[in-house]
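Student: Heads up, the sequence shown stops at 425 in the numbering used here, and the numbers go up one at a time, no gaps.
Cβ atoms here follow ideal geometry from the backbone N, Cα and C, with glycine treated the same way.
Given the structure is predicted, the values throughout are model-derived calculations rather than measurements.
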Amino acid sequence: MKELTTGTEVIKLHVGEPYFGPPDQVAEAFVEAVRRGDTKYSGVEGLPALRESLVEKLRTDNGLDTDVSRVLVTPGSCQGLSALLQSLAEPGAEILLPELHWPVHLQQSLLAGLRPVFYKLGPDFLPDPESLAAAAGPRTRILLLNSPANPSGAVMDAKLVGALLDLARSKGWQVISDEAYEHYVFEGEHLSVAALERDVPVDERIVHSTFSFSKSVAMTGYRLGYVAAANEKAADALKVVQEASIIGTSTPAQYAGIAAVQTRADIAELNRKRVMTSRDASLPRLVEAGLLGGLPAGGWYAIADIGRTGMDAETFATRLLDATGVAVVPGNGFAWHPELDEAGNIASAAYAPWARHLIRIAFCVDPDALERGVQSLLDFVNDHSAG
Ligand SMILES: Cc1ncc(COP(=O)(O)O)c(C=O)c1O
Numbered sequence: 039m040k041e042l043t044t045g046t047e048v049i050k051l052h053v054g055e056p057y058f059g060p061p062d063q064v065a066e067a068f069v070e071a072v073r074r075g076d077t078k079y080s081g082v083e084g085l086p087a088l089r090e091s092l093v094e095k096l097r098t099d100n101g102l103d104t105d106v107s108r109v110l111v112t113p114g115s116c117q118g119l120s121a122l123l124q125s126l127a128e129p130g131a132e133i134l135l136p137e138l139h140w141p142v143h144l145q146q147s148l149l150a151g152l153r154p155v156f157y158k159l160g161p162d163f164l165p166d167p168e169s170l171a172a173a174a175g176p177r178t179r180i181l182l183l184n185s186p187a188n189p190s191g192a193v194m195d196a197k198l199v200g201a202l203l204d205l206a207r208s209k210g211w212q213v214i215s216d217e218a219y220e221h222y223v224f225e226g227e228h229l230s231v232a233a234l235e236r237d238v239p240v241d242e243r244i245v246h247s248t249f250s251f252s253k254s255v256a257m258t259g260y261r262l263g264y265v266a267a268a269n270e271k272a273a274d275a276l277k278v279v280q281e282a283s284i285i286g287t288s289t290p291a292q293y294a295g296i297a298a299v300q301t302r303a304d305i306a307e308l309n310r311k312r313v314m315t316s317r318d319a320s321l322p323r324l325v326e327a328g329l330l331g332g333l334p335a336g337g338w339y340a341i342a343d344i345g346r347t348g349m350d351a352e353t354f355a356t357r358l359l360d361a362t363g364v365a366v367v368p369g370n371g372f373a374w375h376p377e378l379d380e381a382g383n384i385a386s387a388a389y390a391p392w393a394r395h396l397i398r399i400a401f402c403v404d405p406d407a408l409e410r411g412v413q414s415l416l417d418f419v420n421d422h423s424a425g
């Protein structure tokens with residue numbers, strides 16, 4: 039919580055900024071790197087020592103069979119995703135995105151020149167292979183998966199991941215697996231998609247994975263993430279994009295990353311428990327009130343339906359903020375479905391009508407603020423419910 043210049047206290051349930059920070063070792067490693075003068079360019083792929091520790095982490099924690107030559111450090115996983123999309127894009131190629139998605143996935147696809155195609159989600163906001171196959175066409179090249187998902191918190195199980203990977207393989211698609219929230223699973227367990235192709239020859243692999251230090255170790259402002267490219271060819275293409283885009287990732291941040299990888303097991307579990315405790319303390323009341331279908335199985339966010347107020351989500355969010363100082367995000371921004379003309383220009387830019395009454399609530403925030411924010415939201419909904 040921070041004071042705005044208006045002096046009004048805002049309870050920020052709109053952004054995914056955790057109330058906890060990284061462990062001391064991370065800050066110390068950063069500062070020591072700066073003091074030592076380890077502030078030169080690190081090379082486009084990242085520091086070898088960090089990449090080696092990431093290969094080990096990916097092997098033991100995620101079940102991936104990878105190599106330093108295929109692991110690239112990036113300034114946040116957001117930039118890694120963007121570079122991956124640019125390196126995989128072909129003229130006219132389509133990317134499959136979930137109908138309810140993190141808007142950055144869509145924006146990055148458009149910037150890379152990809153044509154977004156949206157696939158329907160089933161119960162609990164999970165993808166289903168049939169809807170995916172139905173949405174795809176002859177120009178489809180990339181399938182984007184995100185589990186645990188932003189904004190829904192949906193977590194895919196091994197059966198579903200296996201079915202989606204089989205489908206992608208049979209259709210000749212590349213898969214991008216955004217695993218930024220890998221350590222925040224509250225029901226079931228996290229499965230890295232690429233773990234399912236560890237026995238496939240490297241040059242036949244199709245899964246490119248992105249990971250983040252922002253969530254697991256709460257290093258949001260350090261800007262540190264990494265990509266595990268499926269094969270050497272993809273890693274080489276990614277390197278070319280990165281040379282032209284970033285030259286390299288901040289060297290002190292990478293030293294902080296080495297410290298973070300060393301402490302990750304304890305820290306990530308502690309952080310998972312922190313967020314789960316907040317989820318369990320505050321969100322059940324939203325479920326009981328019928329605003330949430332159930333508790334999110336993972337991630338930092340919940341999607342609530344405020345349809346009973348009769349307001350659309352934008353009006354609701356504005357009025358809620360004015361009346362109570364609680365900030366939430368209108369859900370339509372997660373369901374923008376632009377259509378492109380043949381030349382690739384945006385021809386129509388409508389939001390999916392079913393998202394009209396959805397809002398996203400971040401529950402990684404300070405537990406006390408979350409508690410007060412949820413109560414204010416519930417009171418506001420009750421005061422404004424039709425009938
Ligand atoms: C689904 C998802 N992927 C990736 C990111 C990017 O995280 P970062 O760039 O901080 O690693 C975010 C951040 O909110 C996210 O929600």
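As a quick exercise: from R73, K311, K277, P391, pick the residue whose alpha carbon is nearest that of D343.
Tutor: It is P391 whose Cα lies nearest to the Cα of D343.
Student: In terms of residues, what are the limits of the alpha helix (DSSP H) holding S320?
Tutor: From DSSP, the alpha helix (DSSP H) with S320 extends over 289-320.
Student: What distance in whole Å lies between the Cβ atoms of T178 and W211, which are believed to be in contact at a cut-off of 8 Å?
Tutor: W211 to T178, Cβ: 6 Å. Contact.
Student: How many Å lie between A365 and P141 at the Cα?
Tutor: So the two alpha carbons sit approximately 18 Å from each other.
Student: Pull every residue with its beta-carbon under 6 Å away from any heavy atom of ligand 1, and keep them in chain order.
Tutor: Spelled out in chain order, the answer is G54, G114, S115, C116, W140, N184, N188, D216, A218, S250, S252, T258, G263.
Student: What are the partner residues of Y222, as DSSP defines its beta bridges?
Tutor: Per DSSP, none; premise fails for Y222.
Student: Going by CA-CA distance only, name the one from V82, G101, R73 that's closest to S283.
Tutor: Among V82, G101, R73, the Cα nearest to that of S283 belongs to V82.
Student: Name the two residues that bound the continuous alpha helix (DSSP H) containing N420.
Tutor: Looking at the DSSP string, the run of the alpha helix (DSSP H) that includes N420 is 405-421.
Student: My output table needs one value for M39: the three-state DSSP class, helix, strand or coil.
Tutor: Summary for M39: the model assigns pLDDT 47, below 50, so the residue's position carries little reliability; its value from the coordinates is reported in the next sentence. M39: coil per DSSP, three-state reduction.
Student: Use the C-beta contact count for K78: other C-beta atoms within 10 angstroms, 16 or more gives buried, fewer gives exposed.
Tutor: Exposed is the call here.
Student: Can F418 and A351 be called in contact, C-beta distance under 9 Å?
Tutor: No, the Cβ-Cβ distance between F418 and A351 is not below 9 Å.
Student: So which of P61, D379, Q292 has the shortest CA-CA distance to N309?
Tutor: The residue with the shortest Cα to Cα distance from N309 is P61.
Student: For S414, which residues from the same chain have a beta carbon less than 6 Å from its beta carbon, with the 5 sequence-adjacent residues on both sides left out?
Tutor: Taken in chain order, the residues that qualify are T362, V364.
Student: Out of A171, P189, E326, L92, state which residue places its alpha-carbon closest to the alpha-carbon of A201.
Tutor: If we check each option's Cα against that of A201, A171 comes out closest.
Student: With distances taken from CA atoms, which of K50, L85, L148, A206 is nearest A381?
Tutor: When each option's Cα is compared against that of A381, the closest is L148.
Student: Would you kindly report the start and end of the unbroken alpha helix (DSSP H) that includes H52?
Tutor: It is not in any alpha helix (DSSP H) - H52 carries neither H nor E in the DSSP assignment.
Student: If you run the structure through DSSP and keep just helix, strand and coil, what is F372?
Tutor: Residue state, collapsed to three classes: helix.
Student: From A387 to L135, what does the alpha carbon distance come to, in whole angstroms?
Tutor: The straight-line gap from Cα to Cα measures roughly 16 Å.
Student: Contact between the region 273-283 and the region 66-73 is defined here as three or more beta-carbon pairs at a separation below 8 Å; is this criterion met?
Tutor: Output reads no: the region 66-73 does not touch the region 273-283.
Student: Since T248 is in the beta strand (DSSP E), which residue starts that stretch and which ends it?
Tutor: From DSSP, the beta strand (DSSP E) with T248 extends over 245-250.
Student: With DSSP run on the structure shown, which of helix, strand or coil describes R153?
Tutor: In the structure shown, R153 sits in a strand (DSSP, three-state: E or B).
Student: On the CB-based measure, 16 or more other CB atoms within 10 Å of its CB, does K95 come out buried or exposed?
Tutor: By the neighbour-count rule (16 or more Cβ atoms within 10 Å), K95 is buried.
Student: Between which two residues does the alpha helix (DSSP H) holding L98 run?
Tutor: Note that residue 98 is Thr in the sequence shown here, rather than Leu. Segment 86-100, the alpha helix (DSSP H) holding T98.
Student: Check this for me: beta carbons of F224 and P56, under 9 Å apart or not?
Tutor: Their beta carbons are not under 9 Å apart, which means F224 does not touch P56 by this criterion.
Student: Need the endpoints of the beta strand (DSSP E) that R398 sits in, please.
Tutor: Here the beta strand (DSSP E) through R398 covers 396-400.
Student: Looking at V64: is its Cβ nearer than 9 Å to the Cβ of Y260?
Tutor: Result yes, Cβ atoms of V64 and Y260 sit closer than 9 Å.
Student: Near F156, which residues of its chain fall below 6 Å by C-beta distance, leaving aside the five closest residues on each side in sequence?
Tutor: The residues are L135, E137, H375.
Student: Looking at C-alpha atoms only, which residue of D99, A174, Y219 is the closest neighbour of M194?
Tutor: Considering only alpha carbons, the answer is Y219.
Student: Tell me the residue span of the alpha helix (DSSP H) that contains P167.
Tutor: 167-173 is the extent of the alpha helix (DSSP H) around P167.
Student: Flag this pair as touching only if the region 97-104 and the region 113-123 have three or more C-beta atom pairs under 8 Å; answer yes or no.
Tutor: These segments do not touch.
Student: Considering only the alpha carbon of each residue, which of R410, I180, A298, A67 lies closest to S208?
Tutor: Cα-wise, what sits closest to S208 is I180.
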